[in-house]
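**Student:** Line by line, the protein sequences give chains F and D. Each residue of the first sequence is one higher than the one before, starting from 1 at the first, in my numbering. Each residue of the second sequence is one higher than the one before, starting from 1 at the first, in my numbering. Just so you know, even glycine gets a beta-carbon here, dropped at the ideal spot from N, CA and C.
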Amino acid sequence: MAKIIVVTSGKGGVGKTTTSSAISTGLALRGHKTAVIDFDIGLRNLDLVMNCERRVVYDFVNVINGDATLKQALIKDKRCENLFILPASQTRDKDALTKEGVEQVLNELKEMGFEYIICDSPAGIEHGAFIALYYADEAVVVANPEVSSVRDSDRILGILQSKSRKAEQGENVVEHLLITRYDPERVARGEMLGVADVEEILATKLLGVIPECQSVLKASNQGVPVIHDTESRAGKAYADAVARLTGEQVEHRFLTPEHKSLFKRLFRRSA
Amino acid sequence: MSKSAQRASTVDRPESFQLKGGLFPMTLLELKSTDLAAIKLELMEKVTQSPNFFQRSPLVFGVEQLTEAQQESLDLLGLCTLCRELTLLPTAVRGANARLLNECAKLSLAILPRSRGKQSELTTETPPAATETTEPVEVTKTTTASAPTRIITTPIRSGQQIYARGGDLIVMASVSAGAEVLADGNIHIYGALRGRALAGVQGDENARIFCSSQEAELVAVAGQFMVDEVLRTNHWKDAVQIYLAGGRIQITPLPKHN
Numbered sequence: 001m002a003k004i005i006v007v008t009s010g011k012g013g014v015g016k017t018t019t020s021s022a023i024s025t026g027l028a029l030r031g032h033k034t035a036v037i038d039f040d041i042g043l044r045n046l047d048l049v050m051n052c053e054r055r056v057v058y059d060f061v062n063v064i065n066g067d068a069t070l071k072q073a074l075i076k077d078k079r080c081e082n083l084f085i086l087p088a089s090q091t092r093d094k095d096a097l098t099k100e101g102v103e104q105v106l107n108e109l110k111e112m113g114f115e116y117i118i119c120d121s122p123a124g125i126e127h128g129a130f131i132a133l134y135y136a137d138e139a140v141v142v143a144n145p146e147v148s149s150v151r152d153s154d155r156i157l158g159i160l161q162s163k164s165r166k167a168e169q170g171e172n173v174v175e176h177l178l179i180t181r182y183d184p185e186r187v188a189r190g191e192m193l194g195v196a197d198v199e200e201i202l203a204t205k206l207l208g209v210i211p212e213c214q215s216v217l218k219a220s221n222q223g224v225p226v227i228h229d230t231e232s233r234a235g236k237a238y239a240d241a242v243a244r245l246t247g248e249q250v251e252h253r254f255l256t257p258e259h260k261s262l263f264k265r266l267f268r269r270s271a
Numbered sequence: 001m002s003k004s005a006q007r008a009s010t011v012d013r014p015e016s017f018q019l020k021g022g023l024f025p026m027t028l029l030e031l032k033s034t035d036l037a038a039i040k041l042e043l044m045e046k047v048t049q050s051p052n053f054f055q056r057s058p059l060v061f062g063v064e065q066l067t068e069a070q071q072e073s074l075d076l077l078g079l080c081t082l083c084r085e086l087t088l089l090p091t092a093v094r095g096a097n098a099r100l101l102n103e104c105a106k107l108s109l110a111i112l113p114r115s116r117g118k119q120s121e122l123t124t125e126t127p128p129a130a131t132e133t134t135e136p137v138e139v140t141k142t143t144t145a146s147a148p149t150r151i152i153t154t155p156i157r158s159g160q161q162i163y164a165r166g167g168d169l170i171v172m173a174s175v176s177a178g179a180e181v182l183a184d185g186n187i188h189i190y191g192a193l194r195g196r197a198l199a200g201v202q203g204d205e206n207a208r209i210f211c212s213s214q215e216a217e218l219v220a221v222a223g224q225f226m227v228d229e230v231l232r233t234n235h236w237k238d239a240v241q242i243y244l245a246g247g248r249i250q251i252t253p254l255p256k257h258n
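1) Scan the stretch 203-225 of chain F for residues whose Cβ lies nearer than 8 Å to a Cβ of chain D and list them as they occur along the chain.
2) Rounded to whole angstroms, how far is the Cβ of T34 of chain D from the Cβ of Q70 of chain D, which I believe are closer than 8 Å?
3) For chain F, check one thing: does any of its Cβ atoms lie closer than 8 Å to the Cβ of G178 of chain D?
4) Work out the CA separation of S57 of chain D and F17 of chain D for me, nearest whole Å.
5) Within the present structure, is the beta-carbon of R55 of chain F separated from the nearest heavy atom of the ligand ZN by less than 7 Å?
6) Leaving out the 5 sequence neighbours to the left and right, which residues in its chain are closer than 6 Å to L82 of chain D when beta-carbon positions are compared?
7) Tell me whether F161 of chain F is buried or exposed, calling it buried when 16 or more other Cβ atoms sit within 10 Å of its Cβ.
8) Along chain F, which residues have their Cβ under 7 Å away from the Cβ of P155 of chain D?
9) Tell me whether the stretch 209-223 of chain D and the stretch 238-247 of chain D touch, counting them as touching only if at least three CB pairs, one residue from each stretch, are closer than 8 Å.
10) On the premise that M192 of chain F lies in contact with P145 of chain F, defined as a C-beta separation below 8 Å, what is that separation, rounded to the nearest angstrom?
11) Can you check whether the C-beta of G158 of chain F is within less than 8 Å of a C-beta belonging to chain D?
12) Do you know offhand how far A8 of chain D's Cα is from R94 of chain D's?
13) Would you tell me roughly how many angstroms separate the C-alpha atoms of P128 of chain D and G246 of chain D, rounded to the nearest one?
14) Any beta carbon of chain F sitting closer than 8 Å to that of G195 of chain D?
15) Please decide whether A239 of chain D counts as near chain F, where near means a Cβ-Cβ distance under 8 Å.
16) Looking only at C-alpha atoms, which of D:Q250, D:E217 and D:G22 sits nearest to R232 of chain D?
17) Alpha carbon to alpha carbon, what distance is there between E115 of chain F and T204 of chain F?
18) Where does Y190 of chain D sit, in a helix, a strand or coil, going by DSSP?
19) So is H259 of chain F buried or exposed if we call it buried at 16+ other beta carbons inside 10 Å?
20) Leaving out the 5 sequence neighbours to the left and right, which residues in its chain are closer than 8 Å to E235 of chain D when beta-carbon positions are compared?
21) If we require 3 or more residues per run, which beta strand (DSSP E) segments fall completely within the stretch 61-115 of chain D?
22) So does the stretch 141-159 of chain F actually touch the stretch 220-234 of chain F, counting three or more Cβ pairs closer than 8 Å?
23) Quick one: what's A199 of chain D bridged to in DSSP?
24) Using a Cβ-Cβ cut-off of 8 Å, state whether G165 of chain F counts as contacting chain D.
25) Among the candidates D:I187, D:L193 and D:L107, whose CA atom is the shortest distance from the CA of V201 of chain D?
26) Check each residue of the stretch 92-118 of chain F: if its Cβ is closer than 8 Å to any Cβ of chain D, include it; give the result in chain order.
27) Do I85 of chain F and L46 of chain F come within 8 Å of each other at the CB atom, strictly closer than that value?
28) Kindly indicate which residue of F:L48, F:A35, F:T19 and F:G10 has the alpha-carbon position closest to the one of N221 of chain F.
29) If you measure between the beta carbons of T34 of chain F and I118 of chain F, is that distance less than 8 Å?
30) Is it buried or exposed for N82 of chain F, if we count other Cβ within 10 angstroms and need 16 for buried?
31) In whole angstroms, what is the alpha-carbon distance linking V230 of chain D and L262 of chain F?
32) Under 8 Å by Cβ, that's how I've got I5 of chain F and A143 of chain F pegged, so tell me the actual separation to the nearest angstrom.
33) Measuring alpha carbon to alpha carbon, tell me which residue in D:A220, D:A98 and D:A92 is nearest L107 of chain D.
34) Determine contact between the stretch 5-16 of chain F and the stretch 50-60 of chain F, defined as no fewer than three beta-carbon pairs at a distance below 8 Å.
35) If we count the other Cβ atoms within 10 Å of its Cβ and call it buried at 16 or more, is T69 of chain F buried or exposed?
36) Please confirm if D154 of chain F has its CB atom under 8 Å from at least one CB of chain D.
Set out below in structure tokens:
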């Protein structure tokens with residue numbers, strides 16, 4: 001039975017698209033047939049992050065309007081045979097998405113045998129974000145350890161609990177909290193909210209903590225989801241998060257300041 | 001223009017003044033007794049606590065909490081004199097009976113109609129009197145509370161508003177910043193209150209708010225409210241109960257037992 005997972009946050013720029021590409025890649029690498037859909041109509045960037053922007057012929061809106069079939073629009077990932085991307089339209093806007101149209105696409109994906117469908121939500125709480133979370137079975141709420149991001153994530157959690165289809169049917173969307181751009185040194189100095197603070201305010205189960213890492217920008221520029229960079233801390237943290245998403249128990253890493261050996265301090269800048 | 005028309009036009013648009021409606025904040029002295037000696041003593045105490053607030057403030061006397069007998073025996077002249085000695089300026093009387101109306105006319109005081117039900121009167125800016133002893137609050141039987149208590153077990157998220165109409169509200173989680181919980185009756189929060197809580201919204205002054213950790217943006221009981229700035233100095237992050245006493249919000253810690 002396919003699982004629809006929405007990656008949302010409320011606040012913009014916290015790492016939704018980075019997370020969507022990493023998680024969908026991670027799941028596909030573990031052998032699950034995975035589709036990732038870009039719901040950010042008009043401001044699409046999932047295709048950039050996954051290096052398929054030059055292979056976009058048909059997009060999500062085309063499929064909803066019947067201009068193309070889903071098979072024509074889905075782009076197979078070059079690095080991962082289980083992974084497929086459904087890009088957004090760049091020329092239209094969010095009103096082109098309808099509840100019925102989205103439901104049809106999701107049902108067709110389920111029929112095609114996809115095990116996981118990741119919905120990359122746009123920022124905000126308006127129509128685009130709402131449509132992305134409406135059909136979700138599970139939600140990964142991305143937050144930076146920073147007050148406005150946490151407040152906005154709280155808001156989107158409220159919307160998930162009250163306006164999603166599961167909520168309308170009296171059920172619950174399974175919620176996961178993913179903290180991104182975490183800097184343990186700054187937390188130790190008291191400059192940044194710690195994991196415990198964020199968990200307390202949001203009262204949501206922690207899926208993972210992704211440390212602030214320069215590899216993320218590199219990955220995005222190269223169009224390679226950061227989880228492929230198995231040397232980087234962010235890549236490792238995302239791999240842990242994907243494991244937890246599939247039900248494994250994994251210890252949280254990268255939560256405490258790194259103990260820098262003299263060697264490291266002499267020869268390497270902090271990653 | 002004819003002479004009468006000319007005269008009419010000057011009356012309609014006077015040249016030496018303009019008549020407009022205006023809303024001005026005034027301090028209301030709601031009398032609970034006619035003992036001028038006691039009033040003088042207690043008023044002097046309040047004035048020394050916040051002298052700037054009371055300097056030449058216009059004052060309105062409220063007499064609706066006095067019994068008929070008390071209204072008959074009230075020495076209005078004496079009251080005005082003692083107030084003026086403290087630089088308070090009696091301006092009007094609200095809710096006066098026939099005899100007091102007469103007195104007002106003699107003393108050139110304005111007459112204000114009776115208060116209409118539960119109009120929210122803002123709490124005065126005087127800092128809350130530091131009374132550690134709990135004042136015995138009269139618990140009169142509430143006439144509303146017609147709905148069963150509403151219980152919510154999930155956190156109240158930012159942007160959500162919950163209103164328990166006709167009864168109490170129990171929240172078995174925290175109320176986030178930016179969220180609002182309202183009830184006609186009491187509000188119990190078995191978690192942190194980080195948002196706003198308004199109890200007794202239909203006017204029940206006996207309603208209370210209970211929470212495990214007071215970190216609120218605003219609390220209100222029957223229209224009297226207290227905001228974040230004052231709340232931060234008042235048992236912040238403690239387990240407290242919030243209620244009205246003497247028409248003002250009081251916050252006292254909940255009894256601890258180990």
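**Tutor:** By the coordinates alone:
1) Here the close residues are A203.
2) Contact holds; Cβ gap of about 5 Å.
3) Cβ-Cβ to chain F under 8 Å: yes for G178 of chain D.
4) A straight line joining the alpha-carbon of F17 of chain D with that of S57 of chain D spans about 25 Å.
5) Looking for the ligand ZN in the displayed structure turns up nothing, as the structure carries no ligands at all.
6) If we look at L82 of chain D and ignore the five residues flanking it on each side, its Cβ neighbours are K40.
7) According to the sequence provided, residue 161 of chain F is Gln. The question's Phe does not apply to it. Taking all protein chains shown into account, Q161 of chain F has 16 or more neighbouring C-beta atoms within 10 Å of its C-beta and is therefore buried.
8) At a beta-carbon threshold of 7 Å, the residues of chain F lying near P155 of chain D are A203, ordered along the chain.
9) Three or more Cβ pairs drawn from the stretch 209-223 of chain D and the stretch 238-247 of chain D lie within less than 8 Å of each other, which places the two stretches in contact.
10) Yes, they are in contact, since the Cβ atoms of P145 of chain F and M192 of chain F sit about 5 Å apart, within 8 Å.
11) Chain D contact via Cβ: present.
12) With a pLDDT of only 49 at A8 of chain D, under the threshold of 50, the placement of this residue in the model should not be trusted; the figure read from the coordinates follows. Here the alpha carbon of A8 of chain D sits roughly 35 Å from the alpha carbon of R94 of chain D.
13) Model confidence at P128 of chain D stands at a pLDDT of 38, short of 50, so the residue's coordinates are unreliable; what they give is reported in the following sentence. P128 of chain D and G246 of chain D: Cα-Cα distance of roughly 11 Å.
14) No, its Cβ sits nowhere closer than 8 Å to a Cβ of chain F.
15) Nearest CB-CB separation between A239 of chain D and chain F: not below the 8 Å threshold.
16) Here the closest residue by C-alpha is D:E217.
17) The straight-line gap from Cα to Cα measures roughly 24 Å.
18) Looking at Y190 of chain D - three-state DSSP - the assignment turns out to be strand.
19) Flag for H259 of chain F reads exposed.
20) The sequence shown places His at residue 235 of chain D, rather than the Glu named in the question. Within the same chain, H235 of chain D has close Cβ partners Q214, I251, T252 and P253.
21) Here the runs fully enclosed are 89-94 and 110-112.
22) By the C-beta criterion, the stretch 141-159 of chain F is judged not to be in contact with the stretch 220-234 of chain F, since fewer than 3 inter-stretch pairs fall below 8 Å.
23) Note: A199 of chain D sits in a beta bridge opposite D:V221.
24) One point to set straight first is that residue 165 of chain F is Arg, not Gly, in the sequence displayed. Using a Cβ-Cβ cut-off of 8 Å, R165 of chain F does not count as an interface residue toward chain D, since no Cβ of chain D sits closer than that to its own.
25) That would be D:I187, whose Cα lies nearest to the Cα of V201 of chain D.
26) Under the 8 Å Cβ criterion, the stretch 92-118 of chain F contributes no residue.
27) Cβ distance < 8 Å, so L46 of chain F and I85 of chain F count as in contact.
28) Taking N221 of chain F as reference, the option from F:L48, F:A35, F:T19 and F:G10 with the minimal CA-CA separation is F:L48.
29) The Cβ atoms of T34 of chain F and I118 of chain F lie closer than 8 Å to each other.
30) With a 10 Å radius around the Cβ and a threshold of 16 neighbouring Cβ atoms, N82 of chain F comes out buried.
31) Their backbone Cα atoms lie some 51 Å apart in a straight line.
32) That belief does not hold up - the Cβ atoms of I5 of chain F and A143 of chain F are roughly 16 Å apart, past 8 Å.
33) Taking only the C-alpha atoms, the option nearest L107 of chain D is D:A92.
34) Output reads no: the stretch 50-60 of chain F does not touch the stretch 5-16 of chain F.
35) Its Cβ having fewer than 16 others within 10 Å, T69 of chain F is exposed.
36) Output row for D154 of chain F: interface = yes.
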